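Student: Handing you this structure, nothing more for now.
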């Protein structure tokens with residue numbers, strides 16, 4: 546179960562999930578056939594401190610060492626200014642069209658490095674080596690790259706598929722527990738929208754995963770990536786199928802915006818967003834209340850979700866700013882059974898507001 | 546002779562060249578089928594002062610007017626900071642995935658707007674309405690978009706083809722004579738590398754064009770665009786054929802870099818670069834000296850070229866920094882007859898230096 550193929554208009558590649566893969570990283574990079582020029586690694590000082598030595602070990606016998614470029618940690622560095630700084634450094638260190646970029650970090654490093662690769666000299670290849678659970682199951686796959694604007698998240702970017710995704714679940718040993726929990730929300734999301742059996746598996750293995758069991762994590766990464774790969778392969782550019790991946794994201798994004806992206810991790814906001822979406826689906830009779838409750842129970846088994854405070858009206862307003870909405874239609878992803886979701890365009894502001902109100906009630910009761 | 550088709554992997558579109566086209570601009574935009582959302586125009590204050598009223602005239606009967614975004618004139622604003630500023634303005638004025646961008650200006654506005662379209666919300670459509678001769682015959686066609694870095698020109702960018710190029714030669718009425726002359730260098734380049742009959746036509750009509758005759762200019766734009774469209778259609782991404790368009794550019798770019806992009810217009814630097822490339826071709830017996838001399842004579846009929854001062858060694862060094870060179874090979878475009886050029890990879894540093902020396906001699910003698 547080593548490799549998962551992803552096939553898109555922008556390129557075919559595979560996601561390799563294998564504990565201990567980092568030990569043979571340079572071999573895997575050479576296998577892409579794209580490592581004949583210089584290799585540039587974009588990483589954060591924190592990740593490099595933990596894993597830099599292990600990263601470099603497989604290059605010990607190589608004639609040329611990779612060049613390491615540092616990106617400060619955190620969402621606030623996911624901006625064009627960082628792209629410009631990294632690009633200037635690349636020029637100064639001799640990067641050309643035959644150079645290869647490697648993203649070694651979480652979602653921010655992956656999105657930013659992918660975008661840098663997309664626009665450096667009008668496009669060079671890159672490889673994802675994701676280090677967080679969320680990046681391993683989600684953001685490293687699918688070729689969405691980009692940065693934030695002052696006026697909104699991910700508003701600047703490209704579709705640029707990686708040459709390969711090299712995932713080592715052992716890297717999760719150093720991941721903060723809160724990061725793991727938030728990442729697992731997206732696994733639950735993938736299960737709810739695409740794989741009922743996986744949902745049951747997650748119910749059974751949730752605690753094992755939370756303890757950091759590498760076998761269980763590896764299996765979960767595998768299934769989550771397979772679901773995402775299936776959807777992305779059908780629709781690279783989010784015209785239909787791919788919208789399903791936004792389950793919980795319409796309201797989740799609004800929560801992130803309302804809290805200035807500071808109070809909640811992405812996955813935590815999505816958890817609340819999924820709760821709201823589930824209740825909306827139940828309210829319009831599209832989904833069984835028992836299934837929605839099962840999803841909420843599993844979400845809360847990951848741990849308590851952060852509380853936040855915002856008026857329902859304000860959240861509703863913010864859902865409209867989501868870039869997924871084209872003019873005059875409001876796309877919304879509705880779960881209809883465990884393992885299946887659909888995209889609808891007829892959700893009214895009233896329905897949305899009712900679901901947001903119901904969710905905010907729970908935020909008050911169960912948020913911490 | 547209204548429309549020239551361009552067919553690339555990144556999209557098919559046409560270049561419409563027609564005096565007076567600006568009067569029906571809104572009709573032409575609607576014909577793309579992409580103007581159902583908001584229209585955002587990127588232009589410079591100078592161009593807008595001259596042509597803004599004429600631009601808006603065709604929208605008089607439209608329910609919604611285009612939004613106008615201003616970009617300060619000049620190469621030094623072709624940077625990521627301008628992209629960020631314009632993107633923020635677009636968000637604030639309600640631009641979405643179904644919005645349409647229009648580049649209304651010269652090469653800088655076109656390259657920058659095209660890139661903005663390539664990366665705004667991961668890609669929206671755009672239309673080129675070029676206002677300089679150089680933009681009309683060259684930069685508006687082919688989908689190369691991008692910005693400069695501190696460390697070099699056009700090092701950040703995308704291939705993003707316009708939905709249509711709408712060219713009104715009457716806009717050239719307000720073009721500075723020096724800009725027209727510099728632009729005509731690229732017409733001569735197109736003739737030398739791809740169309741011997743066009744070269745003869747240019748010899749005959751050069752003076753008429755310099756006087757600003759719209760019929761002659763329209764014809765020249767047409768043929769130049771046809772040559773570029775033919776090459777770009779064969780090779781969008783510059784792996785083979787498209788390199789031919791770099792005739793004169795290896796040394797031309799080095800001259801621009803050596804003079805900090807200040808002293809010479811792009812076309813003027815390319816004129817010197819073509820002179821050097823021609824002499825190199827003659828020196829290695831690949832081209833007839835009489836043809837090279839004919840090209841030089843035609844170049845000087847446009848007017849005197851600016852003088853500049855730099856050591857040949859320094860220029861040689863700067864040719865190596867050109868992003869067209871992959872590691873270990875130096876691509877060079879060699880004219881072999883009037884109407885045909887080839888790409889070679891075996892040009893030695895010595896040959897290059899000799900050609901640069903010979904050119905610098907002429908710079909001293911004929912530059913002003």
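Chains as they are written, first to last, in the numbering used here: chain A, 546 to 913; chain B, 546 to 913.
Every residue, glycine too, gets a C-beta built ideally from N, C-alpha and C.
Quick caveat, the model's predicted, so the values are computed rather than measured.
Rank B/648, B/682, B/556 and B/845 by C-alpha distance to the C-alpha of residue 762 of chain B and give the top, closest one.
Tutor: B/682
Student: So the alpha helix (DSSP H) residue 584 of chain A belongs to, where does it begin and stop?
Tutor: From DSSP, residue 584 of chain A is part of no alpha helix (DSSP H) but of the beta strand (DSSP E) over 584-588.
Student: Counting only Cβ pairs nearer than 9 Å, list the residues of chain A close to residue 625 of chain B.
Tutor: 625, 626, 628, 629 and 632
Student: By the three-class DSSP mapping on this structure, what secondary structure does residue 890 of chain B have?
Tutor: coil
Student: If you measure from the beta carbon of residue 665 of chain A to each beta carbon in chain B, is any gap under 8 Å?
Tutor: Residue 665 of chain A counts as touching chain B.
Student: Pop quiz: residue 660 of chain A and residue 702 of chain A are said to be a contact at Cβ under 8 Å. What is the actual Cβ separation, rounded to whole angstroms?
Tutor: That pair is a contact at about 6 Å.
Student: On the CB-based measure, 16 or more other CB atoms within 10 Å of its CB, does residue 777 of chain A come out buried or exposed?
Tutor: buried
Student: Per the DSSP calculation, residue 690 of chain B is bridged to which residue(s)?
Tutor: B/703
Student: Residues in the stretch 698-711 of chain B with C-beta within 9 Å of chain A's C-beta atoms, listed in sequence order?
Tutor: From the stretch 698-711 of chain B, only 699, 700, 701, 702, 703 and 704 have a Cβ closer than 9 Å to chain A.
Student: So is residue 691 of chain B in contact with chain A if we call contact Cβ pairs under 8 Å?
Tutor: yes
Student: Could you check where the beta strand (DSSP E) with residue 840 of chain B kicks off and where it finishes?
Tutor: Boundaries around residue 840 of chain B are those of the alpha helix (DSSP H), 834-846, since no beta strand (DSSP E) includes it.
Student: Under 7 Å Cβ-Cβ, which residues of chain B neighbour residue 696 of chain A?
Tutor: 633, 636 and 637
Student: Output the distance between the C-alpha atoms of residue 617 of chain A and residue 655 of chain A, rounded to the nearest integer angstrom.
Tutor: 13 Å
Student: Helix or strand or just coil, what does DSSP make of residue 558 of chain A?
Tutor: strand
Student: With a threshold of 8 Å, are at least 3 pairs of Cβ atoms found where one atom belongs to the stretch 681-695 of chain B and the other to the stretch 717-734 of chain B?
Tutor: yes
Student: How is residue 678 of chain A classed by DSSP in three states: helix, strand or coil?
Tutor: helix
Student: Please report the straight-line C-alpha distance between residue 596 of chain B and residue 846 of chain B, rounded to a whole angstrom.
Tutor: 30 Å
Student: Which same chain residues, not among the five before or five after residue 663 of chain B, have their C-beta less than 6 Å away from its C-beta?
Tutor: 690, 703 and 705
Student: Alpha carbon to alpha carbon, how far is residue 909 of chain B from residue 755 of chain B?
Tutor: 25 Å
Student: For residue 844 of chain A, which residues of its own chain have a beta-carbon under 8 Å away from its beta-carbon, when the five flanking residues on both sides are left out?
Tutor: 730, 733, 816, 819, 820 and 850
Student: Taking only the alpha-carbon atoms, compute the straight-line gap between residue 882 of chain A and residue 825 of chain A and give it to the nearest angstrom.
Tutor: 13 Å
Student: Quick check on this structure: which residue in B/634, B/766 and B/598 has the alpha carbon closest to the alpha carbon of residue 568 of chain B?
Tutor: B/598
Student: Three-state secondary structure (DSSP) at residue 882 of chain A?
Tutor: Strand.
Student: Cβ of residue 705 of chain B within 7 Å of any heavy atom in the ligand FMN?
Tutor: With respect to the ligand FMN, the structure offers nothing, as it holds no ligand at all.
Student: Buried or exposed for residue 854 of chain A, please, with buried defined as at least 16 other CB atoms from any protein chain shown within 10 angstroms of its CB.
Tutor: Around the beta-carbon of residue 854 of chain A, fewer than 16 other beta-carbon atoms lie within 10 Å, marking it exposed.
Student: Quick one, are the C-beta atoms of residue 645 of chain B and residue 592 of chain B less than 8 Å apart?
Tutor: no
Student: Any idea what DSSP makes of residue 565 of chain A, helix, strand or coil?
Tutor: coil
Student: Tell me, please, which residues DSSP counts as bridged to residue 548 of chain A.
Tutor: A/561
Student: Closest to residue 678 of chain A by CA distance: which of A/609, A/759 and A/880 is it?
Tutor: A/759
Student: What's the C-alpha gap between residue 622 of chain B and residue 902 of chain A?
Tutor: 47 Å
Student: Going by DSSP, what residue range makes up the beta strand (DSSP E) through residue 649 of chain B?
Tutor: 645-650
Student: Going by Cα to Cα distance, which pick from A/884, A/835 and A/714 is closest to residue 651 of chain A?
Tutor: A/714
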